[in-house]
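Notes follow the structure.
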Amino acid sequence: GCCHEVFGTQKILGLAYQEKYGKFLEREDVNVNVVGVNHFTWITDAHYHNEDLMPIYKEFVEKHYKDGYIVDSSTHWMNNTFVSAERVKFDLFRRYGVIAAAGDRHLAEFCPGYWYLHSPETVKEWKFGLTTVDWRKEDLAKRIDKTNKLLAGEEEFELRVTGEEGVKQMKGILGIEPFVTNVNMPNRGQITNLPLGVVVETNAFFSARGVQPVCAGAIPKGVDSLVHRVVYGQQLTLEAAITGDYELAFKAFQNDANVCISPEKSRELFDQMLANTKAYLPFYDQWVKSK
338 GCCHEVFGTQ
348 KILGLAYQEK
358 YGKFLEREDV
368 NVNVVGVNHF
378 TWITDAHYHN
388 EDLMPIYKEF
398 VEKHYKDGYI
408 VDSSTHWMNN
418 TFVSAERVKF
428 DLFRRYGVIA
438 AAGDRHLAEF
448 CPGYWYLHSP
458 ETVKEWKFGL
468 TTVDWRKEDL
478 AKRIDKTNKL
488 LAGEEEFELR
498 VTGEEGVKQM
508 KGILGIEPFV
518 TNVNMPNRGQ
528 ITNLPLGVVV
538 ETNAFFSARG
548 VQPVCAGAIP
558 KGVDSLVHRV
568 VYGQQLTLEA
578 AITGDYELAF
588 KAFQNDANVC
598 ISPEKSRELF
608 DQMLANTKAY
618 LPFYDQWVKS
628 K
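Note that our numbering has the sequence shown beginning at 338, numbered continuously upward.
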C-alpha cells in the first residue's frame, strides 16, 4: 500500500518555503493531510510547525506556472521518463485550490484526455516525460540480468537508501519508532465522501497496535468528481475481471477519462487490446463468444 508520489510534493513545498525564506526544509518537516487514491492524491492542508504553507505554495505556483519548475537541474523532462516541470500539478492547483500530490505523468492519466494528453505536442507544452513501453521492456531486461548476476555471485548486493519507507514502517509496527505516513488502505471512513471498502490513500499511524488510518475528511468539491470516476472505474474493472463480463469491462474502459473517441472506435480499440493480452485473460475465449 506504499507510494512515494506524495514525498515529491512535500519536497516541492519545502522548495517553495526555501525560495521565500531562504531556509531549506526536509520533506519530513512538511506535515500534510492527504486524500485521494493511489497516484491521484491531493494535499488539502500543509504546515511547517504552525505555519500554513498553502499561501506560500500559491505564490510559488503563480511565479512558475508559465515555464514550470525543475526540481533537479541535473535532469530534464525531455530526457527522463520520470521528470516533469510540474506544470500539470500547478495547473490543477489553479483549477481547484488544493495541491495535486503526484508526478505529472500520473496526474495527467486521471484527468480528461484532452487536458494534458491530447497529442505529443500537448505533452511537450505541459513539460512532462512519458513512460514508454520500450523503456519498460528495456528496464525489465536490465533488472532480470542484474538478478541473475546477483544469484550467480557475479555481483555483490549493494545496500542503499531507496526513498521508500518500508524499514520505517516495519519499525513502527514493531513499536520501535511509531510514525505517520501516507499509505493505501480500504476506506474505513478516513475519507468521508468515498464508499466504504474501496482502497484510498491517506495518512496512517504505524505503531505496535498495527496500521490505523488517520481521518482525512472529505475530498474537496470539484476534485471529488474526478476521484469518484476513478473509484467507480476500478470497481467496475474488478467486477468484470472476477466475473468475466465482457460488456462490463467495456463500460469501464469507455468511461475512463482518457478514452476520448467515439463508441465505435473505443470498442475496436478495446477488442484489439484484449486480443493482444489474451494470454493473461482466462475469460478471453468466453468473452469472444459472448460478444
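Even for Gly, the Cβ is constructed at its ideal location relative to N, Cα and C. Note that the coordinates shown come from a computational prediction; the quantities given were computed from them, not determined experimentally.
Opposing strand residues paired with residue i [DSSP bridges]
i: ALA478; result: Answer by DSSP bridge pairing: none, since ALA478 is not bridged.
i: VAL536; result: PRO523
i: SER544; result: GLY547
i: VAL470; result: DSSP lists no partner for VAL470.
i: ASN370; result: ASP382
i: ALA437; result: TRP379
i: CYS339; result: VAL520
Spatial distance of residue i from residue j (CA atoms)
i: LEU350; j: ILE380; result: 11 Å
i: ALA438; j: PHE430; result: 10 Å
i: ASN368; j: ALA541; result: 13 Å
i: TRP624; j: PRO523; result: 30 Å
i: HIS384; j: VAL343; result: 14 Å
i: PHE620; j: THR614; result: 11 Å
i: PHE397; j: ASP428; result: 12 Å
i: LYS464; j: VAL420; result: 9 Å
i: ASN592; j: THR459; result: 22 Å
i: VAL567; j: VAL498; result: 32 Å
i: LYS486; j: LYS357; result: 48 Å
i: TYR433; j: LYS505; result: 33 Å
i: LYS400; j: ALA445; result: 22 Å
i: LEU575; j: ARG480; result: 29 Å
i: ALA578; j: ASP561; result: 26 Å
i: GLU514; j: VAL374; result: 26 Å
i: LEU352; j: LYS395; result: 13 Å
i: SER603; j: VAL435; result: 33 Å
i: MET610; j: LEU467; result: 20 Å
i: LYS508; j: PHE543; result: 9 Å
i: PHE377; j: CYS597; result: 20 Å
i: CYS448; j: LEU477; result: 28 Å
i: VAL371; j: LEU531; result: 14 Å
i: ARG546; j: ILE510; result: 7 Å
i: THR580; j: SER627; result: 13 Å
i: GLU462; j: GLY512; result: 48 Å
i: PHE361; j: PRO392; result: 17 Å
i: ALA594; j: ARG442; result: 14 Å
i: THR484; j: GLU475; result: 14 Å
i: ALA612; j: VAL470; result: 17 Å
i: VAL408; j: CYS340; result: 19 Å
i: GLU363; j: HIS386; result: 13 Å
Secondary structure of residue i, DSSP reduced to three states
i: ASP389; result: strand
i: VAL596; result: coil
i: GLY450; result: helix
i: SER603; result: helix
i: ASN375; result: coil
i: PHE361; result: coil
i: PHE419; result: coil
i: PHE465; result: strand
i: PHE620; result: coil
i: VAL398; result: helix
i: ASP409; result: coil
i: THR614; result: coil
i: ASP404; result: coil
i: ASP428; result: helix
i: HIS443; result: helix
i: SER456; result: coil
i: ASP582; result: coil
beta-carbon residue i near the ligand COA non-hydrogen atom, thresh 7 Å
i: HIS384; result: Inclusion of the ligand COA in the displayed structure is not the case, the ligand content being empty and no account of it being possible.
- Segment contact, 8 Å Cβ cut-off, at least three pairs: the stretch 557-573 with the stretch 517-536: Contact between the stretch 557-573 and the stretch 517-536 is present, because at least three Cβ pairs lie under 8 Å.
Residue ranges of each alpha helix (DSSP H) run of no fewer than 4 residues wholly in the stretch 478-531, ordered along the chain?
503-510
Q.
Pairs of beta-carbons, one from the stretch 453-464 and one from the stretch 493-506, closer than 8 Å: are there three or more?
A. no
Practice task
Scan the stretch 545-580 and note each continuous beta strand (DSSP E) run of 3 residues or more that stays entirely inside, going in chain order.
Solution key: 547-550
At least three beta-carbon pairs within less than 8 Å, the stretch 514-528 to the stretch 550-565: yes
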